[in-house]
Ligand SMILES: NC(=O)c1ccc[n+]([C@@H]2O[C@H](COP(=O)([O-])OP(=O)(O)OC[C@H]3O[C@@H](n4cnc5c(N)ncnc54)[C@H](OP(=O)(O)O)[C@@H]3O)[C@@H](O)[C@H]2O)c1
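Residue numbers (this note's numbering): 1134 to 1422.
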């Protein structure tokens, strides 16, 4: 299959690049090849490539900045996604789009299924939700995969940020009352490659297994970082409540995703997030050596 991945420099696209199967002909486009804010260019550029499948790994992901840059977030996360859907419908290629647990308000206390009601708390989540809705309207056969707490060995994310601060010896205050599931970018990439080869349409959830707070995640990064030799000595990690760590955007206090449907249909054996973290840290150590 001719596959086009949009969002070349992002952490997910880099994981897709690392894990891509040899049987596909894959192109990765960054902003230089396709700026998703230039709506008029999307159709022509994609049609020229004539893909069988497009994976949209691009997004406006600055959750706090989105509160004041709503237009920019809306353009990339909604308007561009709608255009992608229109072209996919017209040219009949498969479209896999990635969305987020931040479409939920976090009021539930059991894992969210794809059918659960959405209610984003911030601009980022709202633009992602509007993107999903516009996409399904334009292209009902599209495949949307919502994920949460994405991190990996490449790019700026919670794991690499925490490790950097720990390496500098900075004591940390980390939120303990927001709960979700850290998800390895390598695992999401593997699921996407499986979906590329199947007729998967509709809205799905994917995360690694288990549940954690950001505080739990930070503690695990430190203990595994120490045992893998990525850190020399521990820092103090203090749990704090969200009200003591104010951010521009509100975040769901609970956003665990129920991934069972996608796991079943793509024959994926769930991996606990702590084991997945071990894998990403090993990968990071290899990059650094
Ligand atoms: N990170 C998370 O915790 C998380 C959680 C749930 C869901 N997700 C979703 O997962 C997907 C992948 O996220 P990620 O963490 O890999 O994001 P990321 O590392 O922030 O990468 C986003 C990519 O989008 C590109 N992009 C942004 N605006 C663009 C534009 N106007 N034109 C072309 N490219 C543009 C960026 O390019 P530049 O480098 O040039 O800006 C970057 O390559 C996104 O849909 C995101 O919403 C992420």
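Here a beta-carbon is modelled for each residue, glycine too, at the ideal position from N, C-alpha and C.
Check the C-beta distance from residue i over to residue j and give it rounded, since I have them as a contact under 8 Å.
i, j, result
"residue 1428", "residue 1214", "What is shown of the chain runs 1134 to 1422, which leaves residue 1428 out entirely."
"residue 1207", "residue 1260", "5 Å"
"residue 1328", "residue 1229", "6 Å"
"residue 1237", "residue 1252", "7 Å"
"residue 1361", "residue 1399", "Actually they are not in contact, since the Cβ atoms of residue 1361 and residue 1399 sit about 30 Å apart, beyond 8 Å."
Tell me residue i's beta-bridge partners as DSSP assigns them.
i, result
"residue 1159", "1136"
"residue 1407", "None; residue 1407 has no bridge partner."
"residue 1335", "1276"
"residue 1345", "1313"
"residue 1187", "1137 and 1228"
"residue 1385", "Note: residue 1385 sits in no beta bridge, so no partner."
"residue 1370", "1305"
"residue 1245", "1390"
Pick from the options: whose alpha carbon is nearest that of residue i?
i, options, result
"residue 1343", "1410, 1417 and 1217", "1410"
"residue 1232", "1352, 1321 and 1226", "1321"
"residue 1378", "1250, 1365, 1307 and 1286", "1307"
"residue 1385", "1407, 1242 and 1304", "1242"
"residue 1405", "1286, 1313, 1147 and 1200", "1313"
"residue 1181", "1171, 1137 and 1420", "1137"
"residue 1330", "1402, 1227 and 1383", "1227"
"residue 1352", "1183, 1315 and 1396", "1315"
"residue 1166", "1381, 1179 and 1217", "1179"
"residue 1407", "1368, 1356, 1376 and 1370", "1356"
"residue 1183", "1396, 1135, 1164 and 1402", "1135"
"residue 1380", "1171, 1155, 1186 and 1198", "1198"
Going along the chain, which residues of its own chain have a beta-carbon closer than 6 Å to the beta-carbon of residue i, five neighbours each way excluded?
i, result
"residue 1168", "none"
"residue 1278", "1231, 1337 and 1339"
"residue 1372", "1309 and 1348"
"residue 1239", "1385, 1386, 1387 and 1388"
"residue 1333", "1276"
Ignore the nearest five residues each way along the sequence and tell me which others in residue i's own chain have a CB closer than 8 Å to its CB.
i, result
"residue 1296", "1354, 1358, 1363, 1364 and 1417"
"residue 1144", "1283, 1284, 1285, 1287, 1288, 1289, 1290 and 1318"
"residue 1368", "1298, 1299, 1302, 1303, 1304, 1305 and 1355"
For residue i, collect the residues of the same chain with a Cβ closer than 7 Å to its Cβ; drop the 5 residues on either side in sequence, then sort them by chain order.
i, result
"residue 1300", "1364"
"residue 1161", "1138, 1141, 1146 and 1150"
"residue 1323", "1152"
Does any C-beta atom of chain B lie closer than 8 Å to the C-beta of residue i?
i, result
"residue 1298", "The structure shown contains no chain B, having only a single protein chain."
Exercise. Taking one C-beta from the stretch 1169-1185 and one from the stretch 1348-1365 each time, how about it: are there three or more such pairs within less than 8 Å?
Worked result: In short, these stretches do not touch, since the Cβ pair count stays below three.
- [ ] Indicate whether the contact test is met: 3 or more Cβ pairs, each with one atom in the stretch 1389-1401 and one in the stretch 1206-1223, closer than 8 Å.
- [x] Contact between the stretch 1389-1401 and the stretch 1206-1223 is absent, because fewer than three Cβ pairs lie under 8 Å.
Review point. Can you find at least 3 beta carbon pairs, one from the stretch 1242-1255 and one from the stretch 1179-1194, that sit closer than 8 Å?
Key: They do not touch, by the three-pair rule.
Meets three-Cβ-pair contact criterion under 8 Å: the stretch 1286-1306 and the stretch 1263-1276: Judged by pairs of C-beta atoms under 8 Å, the stretch 1286-1306 does not touch the stretch 1263-1276, as fewer than three such pairs exist.
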